[in-house]
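> Mapped onto the numbering used here, the consecutive letters of the sequence shown carry residue numbers 90 to 153.
Mind having a look at this structure? Questions to follow.
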Amino acid sequence: MKQVMNAYRKKSLDKQKLAVLRLELNYELAVLFDALQENNEEMKMKSKRKLERIRTELIKLEAL
């Protein structure tokens with residue numbers, strides 16, 4: 090029974106983390122859009138790095 094509860098908790102936490110990552114993804118895409126509009130190279134690079142990190146985390150979560 091304990092294993093079932095632990096699995097349920099882990100699944101619930103994964104769903105929450107996935108939701109947070111999707112929110113971060115949407116926000117960072119908006120930041121990148123603004124950077125592209127302003128032609129701000131530094132902001133573009135920072136945003137791309139953050140998007141890559143989010144992408145990696147999403148891939149890890151989807152694989153679980």
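Glycine included, C-beta positions come from ideal geometry on N, C-alpha and C.
Computed from a prediction, not measured in an experiment: that's the story for all the values here.
Alpha carbon to alpha carbon, what distance is there between glutamate 113 and leucine 121?
12 Å
> Is lysine 132 helix, strand or coil when you go by DSSP?
First, the amino acid is wrong: residue 132 is methionine here, not lysine. In this structure, methionine 132 counts as helix in the three-state DSSP scheme.
> Near alanine 124, which residues of its chain fall below 7 Å by C-beta distance, leaving aside the five closest residues on each side in sequence?
Met132, Lys133 and Ser136
> Please look up how many angstroms separate the CB atoms of leucine 147 and aspartate 103, rounded, as I've assumed it's under 8 Å.
The pair is not a contact, with the Cβ atoms about 11 Å apart (cut-off 8 Å).
> Compare the C-alpha of isoleucine 143 against each of Asn129, Gln126 and Lys106 and name the closest.
Lys106
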